[in-house]
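Written out as structure tokens, the structure reads:
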């Protein structure tokens with residue numbers, strides 16, 4: 001359908017009367033799934049831009065920034081684990097960690113579980129920088145703050161369901177979320193206000209408590225029911 005705007009320009013509209021959405025890439029403009037995917041892509045772009053800006057202000061690269069957020073002051077993961085989680089090559093991670101060692105942000109130790117490998121941890125200087133960087137996404141959190149808890153919980157669940165499905169399909173490598181964890185149970189009391197149960201901690205919980213990156217996460221079998 002064609003409409004003239006107040007300025008006299010012609011626009012193509014969908015059945016609902018709004019202009020076609022560029023995020024649908026030639027599909028029907030009322031394709032809600034495609035528009036949701038487009039909205040998530042926009043948010044991803046915003047997050048990447050914010051992260052990159054904050055990283056450069058602190059004199060590190062975006063990858064070094066991500067590594068700082070993944071490492072702790074105690075012995076951390078191996079290079080291979082970090083490469084899988086960040087979806088880059090081991091050589092790329094090794095180069096970034098080498099630069100961070102020269103900046104005295106991380107230290108290198110022998111892996112106590114396998115002396116052939118090395119693990120990395122943050123130095124005092126690296127931990128100080130990590131603390132400064134940890135709130136890089138505060139502007140996004142501030143925008144979400146006025147929403148109702150139930151709305152935010154539903155949005156969180158929907159996004160994590162997409163993440164879980166993408167991990168099952170091999171699109172992403174690592175997702176330490178409740179929905180990808182073997183301890184997650186949504187069958188014990190599904191009709192209650194707390195429809196989920198953590199089998200590890202033996203506690204019921206609801207959408208707003210879903211974890212995005214849980215330290216106790218253990219992967220479930222791909223294809224297992226959640």
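Residue numbers (my numbering): 1 to 226.
Cβ atoms here follow ideal geometry from the backbone N, Cα and C, with glycine treated the same way.
Rounded to the nearest angstrom, the gap between the Cα atoms of residue 33 and residue 66 is 30 Å.
With a contact defined as Cβ atoms closer than 8 Å, residue 139 and residue 50 qualify at about 7 Å. For residue 185, same chain residues with a beta-carbon under 6 Å away, outside a window of 5 residues either side, are 197 and 199 in chain order. Between residue 163 and residue 179, the gap from beta carbon to beta carbon is short of 9 Å.
Under the three-state reduction of DSSP, residue 152 is assigned to helix. For residue 70, the enclosing alpha helix (DSSP H) begins and ends at 62–70. Taking a C-beta distance under 9 Å as the contact criterion, residue 201 and residue 157 do not qualify as a contact pair. Put simply, the backbone Cα of residue 83 is about 23 Å away from that of residue 182. Residue 45: member of the alpha helix (DSSP H) spanning 32–57, first to last residue. According to the DSSP assignment, residue 203 belongs to the beta strand (DSSP E) that extends over 203–205. Residue state for residue 214 is assigned as coil, using DSSP reduced to three classes. In this structure, DSSP gives residue 166 a helical state, which the three-state scheme calls helix.
C-alpha of residue 207 to C-alpha of residue 147: approximately 14 Å in a straight line. The C-beta of residue 149 has fewer than 16 other C-beta atoms within 10 Å across all chains shown, which makes the residue exposed. Residue 139 carries a helical assignment under DSSP once its states are collapsed to helix, strand and coil. Only buried fits residue 97, as 16 or more other CB atoms lie within 10 angstroms of its CB. Taking the C-beta atoms as reference points, residue 59 is found no nearer than 9 Å to residue 122. The beta carbons of residue 99 and residue 52 sit no closer together than 9 Å. Beta-bridge partners of residue 119 (DSSP): 78 and 109. The C-beta distance from residue 94 to residue 79 rounds to 6 Å, short enough to fall under 8 Å.
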